[in-house]
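Novice: Taken in order, the sequence shown gives residues -3 to 479; the numbers are from my numbering. Heads up, the beta-carbon is just placed ideally off N, CA and C, and yes, glycines get one too. Sharing a structure below in structure tokens format, with a few things to ask.
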Amino acid sequence: MILKENRGRAIVWFRKDLRILDNPCLDFALRAGKEIIPVFIWDKNEGGQWSPGATSRWWLRNTLDSLRSSFEELGGKLIFRTGKAEKILPMVVSETNPDSVYFSRVYDPAGLVTQNSVENALEKKGIAVYSFNASLLNEPWEIKNGTGRPFQVFTPYWKVSRGGIHREPASYKPSDISFANEPIQSQRLEELDLLPNHPWPEKLSEHWNVSEAAGHELIAQTAEVLTRSYSSHRNIPSVEGTSRLSPYLAWGLVSPRQICQAVLQAQRKDNAKGVEDYLAEIGWREFSYHLLYHFPSIPDRPLRPKYANFPWRKDRGALQKWKYGRTGYPLVDAGMHQLYETGWMHNRVRMVVASFLVKHLLLSWTEGAKWFWDTLVDADLASNTQGWQWAAGCGADAAPYFRIFNPILQGEKFDRDGRYVKYWIPSLSNMPSKWIFRPWKADPLLLRKHDIKLGIHYPMPCVDHSRARTRALAALNSLASKD
Ligand SMILES: Cc1cc2nc3c(=O)[nH]c(=O)nc-3n(C[C@H](O)[C@H](O)[C@H](O)COP(=O)(O)OP(=O)(O)OC[C@H]3O[C@@H](n4cnc5c(N)ncnc54)[C@H](O)[C@@H]3O)c2cc1C
């Protein structure tokens, strides 16, 4: 129950918890009877090279627009400022005279530094600071292995972490917020300058509805419908077999708790496996945060030190071909086109394109991680780092070094009729399914019949699969012997 008695005012500093519902900061501040001053501070340099990329900023811009409207409907105003939070928040405190600041914790190295500086600066001013977990099911330090250390393998991690998920009723639903009502200086959202100077991200609007409410529609669909087919469909990129909740989670438009509660509440006999498989994916997100928190250097350095001196090749031409989907391997190229067009790529295809970059092309996983960082709507430092180090074999619970995804067989297995490839590479849409993943092997007469000129309508393969595989195994073998 929310107390109506006014007991001072509080700044709620929004970070990666850009929502109204299930927001512990709002909830606790309201329970303490505070008048609320909601503030968002944009520091474009906070993450250094891991400051939000172009697509992520597009998502953030639209999220803030939506959150601003939500506050307006509730009778309040979201205050925007730019600069370093440790400088700006004390200024807002001086201007508005609150007694406390509430915020949700983040777990990336730069965010943690900011958090500490903010706490110090506010405590010096005599302001009470309360922080909460709004992004994870479990705090990274709460889950420990038998010897009290962080886990580095997913299955035992999840065994412990899964135990903490319950079908609790949803909570934190503020419907009646009292706001500090004198005018407070705010920048305009446009002044945050979040959108890039080229029109490329505009097309993202065709694919995404960016709002807290849209996130909840997806949660409902996931719980009621998707979990029934999740186990059998989640690896098939041509069907909408996964929830697409990742960008909503990345900026906290919805919380993992809300998702877990919804799917557990909708659990029945016919979707029980789907629910568990789905929760385990949320578990991979948790595991990624666990790793990033305990090993903060991993966005830039391999978790397994022996990979630090791996002889990655430097080949700008090959990197460009990979980025823009011109490798000549249709499943890889289709994935890169999907990414560029929509800001999202199916997880199965992410694994294939990542493996192709690091193993077929022998280019560093950090190059791939950076490109994903700039082009994904769900760019998330923990999950992106974990995904790339997994693919490169240099992270926790990583793919064994000798596992080299064959982009032809992966296509034949997971995109049997080539629908995904044909959709994202229209120049191959007439290609018979038999040759869709290796068009260069098709009879030239057949290619002519379907009006496909390799090298013109679609590129020849940029590397030979068997030779690339042998080269990668040789490089990786030399490292494996260092164990
Ligand atoms: C190389 C590589 C890079 C990746 N980069 C990111 C990234 O920047 N941001 C990101 O959110 N995910 C990343 N992933 C993980 C995964 O591909 C996406 O989370 C997933 O495709 C999102 O789609 P969805 O919401 O439909 O997933 P669903 O299948 O519906 O899963 C539900 C949720 O579980 C989480 N999840 C699912 N799979 C994973 C996974 N393997 N690792 C961590 N969390 C997972 C996501 O939060 C997702 O929204 C990456 C994977 C790889 C292989």
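Can you list, in chain order, the stretches of the beta strand (DSSP E) that have 3 or more residues and sit fully within the region 15 to 61?
Specialist: Within the region 15 to 61, the complete beta strand (DSSP E) runs of at least 3 residues are 31 to 38.
Novice: Please state the DSSP three-state secondary structure of F150.
Specialist: Helix at F150.
Novice: Please give me, in chain order, every unbroken run of the alpha helix (DSSP H) with length at least 4 that falls completely inside the region 329 to 416.
Specialist: You should have 343 to 351, 361 to 371, 377 to 388 and 403 to 410.
Novice: With a CB to CB cut of under 8 Å and the five nearest residues on each side skipped, what residues in its chain are close to Q183?
Specialist: Taken in chain order, the residues that qualify are F76, R77 and T78.
Novice: I'd like to confirm the pairing. Which residues does DSSP put opposite Y454 in its beta bridges?
Specialist: DSSP lists L450 as partners of Y454.
Novice: Rounded to the nearest angstrom, how far is the Cβ of S96 from that of D13, given a contact under 8 Å?
Specialist: No, S96 and D13 are not in contact; Cβ-Cβ is about 17 Å, not under 8 Å.
Novice: By alpha-carbon positions, which one of G49, Y416 and P136 ends up nearest to G339?
Specialist: Of the candidates G49, Y416 and P136, the one whose C-alpha sits nearest the C-alpha of G339 is G49.
Novice: Less than 6 Å separating the Cβ of W54 from some heavy atom of ligand 1?
Specialist: No.
Novice: Per DSSP, R5 forms a beta bridge with which residues?
Specialist: According to DSSP, R5 bridges with E31.
Novice: So, with DSSP's three-state summary, where would you put A487?
Specialist: Look at the range of the chain in this structure, -3 to 479, and you will see that residue 487 is not part of it.
Novice: Give every residue of the same chain whose Cβ lies closer than 7 Å to the Cβ of E31, excluding the five residues on either side of it in the sequence, and list them in chain order.
Specialist: N2, R5, S174, F175 and A176, listed in sequence order.
Novice: For ligand 1, I want to know if D370 counts as a neighbour, meaning its beta carbon is within less than 6 Å of at least one of the ligand's heavy atoms.
Specialist: No, the beta carbon of D370 sits no closer than 6 Å to any heavy atom of ligand 1.
Novice: Report yes or no: do the region 301 to 310 and the region 403 to 423 share at least 3 C-beta pairs separated by less than 8 Å?
Specialist: Short answer: they don't touch.
Novice: How about L315: is its Cβ closer than 6 Å to a heavy atom in ligand 1?
Specialist: Outside the cutoff, so no.
Novice: Would you be able to state if there are at least three C-beta pairs under 8 Å between the region 286 to 296 and the region 427 to 444?
Specialist: Touching, no, given that fewer than three Cβ pairs across the two stretches are closer than 8 Å.
Novice: Taking just the CA atoms, how far does P422 sit from L(-1)?
Specialist: Caution applies to L(-1), whose pLDDT of 45 falls short of 50 and renders its modelled position unreliable; the model cannot decide the point.
Novice: Where does I75 sit, in a helix, a strand or coil, going by DSSP?
Specialist: Reduced to three states, the DSSP call for I75 is strand.
Novice: Where W369 and V88 are concerned, what is the direct C-alpha to C-alpha distance, given to the nearest angstrom?
Specialist: Straight-line Cα distance between these residues: approximately 31 Å.
Novice: Determine contact between the region 261 to 280 and the region 110 to 129, defined as no fewer than three beta-carbon pairs at a distance below 8 Å.
Specialist: Counting Cβ pairs under 8 Å, fewer than three are found: no touch.
Novice: Quick check: the Cα distance between S207 and C458, rounded to an integer number of angstroms?
Specialist: One C-alpha to the other measures close to 41 Å.
Novice: Within this structure, are the beta carbons of G364 and V345 separated by less than 7 Å?
Specialist: Cβ distance not < 7 Å, so G364 and V345 don't count as in contact.
Novice: Are the CB atoms of V102 and R11 within a distance shorter than 7 Å?
Specialist: Contact: yes.
Novice: Is the region 219 to 230 close to the region 180 to 197, with three or more CB pairs under 8 Å?
Specialist: No, the region 219 to 230 does not touch the region 180 to 197.
Novice: I need the straight-line Cα distance from M(-3) to P243, nearest angstrom please.
Specialist: Caution is warranted here: a pLDDT of 41 is assigned to M(-3), below 50, making its placement in the model unreliable, and no coordinate value can be reported.
Novice: Kindly list the residues whose CB is nearer than 7 Å to the CB of M297, restricted to its own chain and excluding five residues on each side of it in sequence; keep chain order.
Specialist: In the sequence on display, residue 297 carries Arg and not Met. Around R297: A304.
Novice: Hey, could you find the ends of the beta strand (DSSP E) Y98 is sitting in?
Specialist: Residues S96 to S100.
Novice: Apply the 10 Å Cβ neighbour rule to R444 and answer buried if 16 or more other Cβ atoms are within range, or exposed otherwise.
Specialist: The residue is exposed, with fewer than 16 neighbouring Cβ atoms inside 10 Å.
Novice: Return the chain-ordered ranges of every beta strand (DSSP E) run that is complete within the region 168 to 233 and spans a minimum of 3 residues.
Specialist: Within the region 168 to 233, no complete beta strand (DSSP E) run reaches 3 residues.
Novice: Measuring CB atoms only, is the region 112 to 120 touching the region 134 to 146, in the sense that at least three cross pairs come out at less than 8 Å?
Specialist: Flag = no, the region 112 to 120 and the region 134 to 146 do not touch.
Novice: I'd like to confirm something about R281: is its beta-carbon nearer than 6 Å to some heavy atom of ligand 1, or not?
Specialist: It does: the Cβ of R281 is within 6 Å (strictly closer) of some heavy atom of ligand 1.
Novice: So, helix, strand or coil for F67, using DSSP?
Specialist: Helix.
Novice: Going along the chain, which unbroken runs of the alpha helix (DSSP H) with 4 or more residues stay wholly within the region 244 to 317?
Specialist: Segments of the alpha helix (DSSP H) lying fully in the region 244 to 317: 252 to 261 and 268 to 290.
Novice: Under the rule that 16 or more other beta-carbon atoms within 10 Å means buried, what is T466, buried or exposed?
Specialist: Label assigned to T466: exposed.
Novice: When we look at the beta-carbon of Y454 and count the other beta-carbons within 10 Å, is it buried (16 or more) or exposed?
Specialist: Its Cβ being crowded by 16 or more others within 10 Å, Y454 is buried.
Novice: Kindly indicate the opening and closing residues of the alpha helix (DSSP H) around P86.
Specialist: Counting along the chain, the alpha helix (DSSP H) containing P86 begins and ends at A81 to T92.
Novice: Tell me which residue opens and which closes the alpha helix (DSSP H) that K445 is part of.
Specialist: Counting along the chain, the alpha helix (DSSP H) containing K445 begins and ends at P440 to K445.
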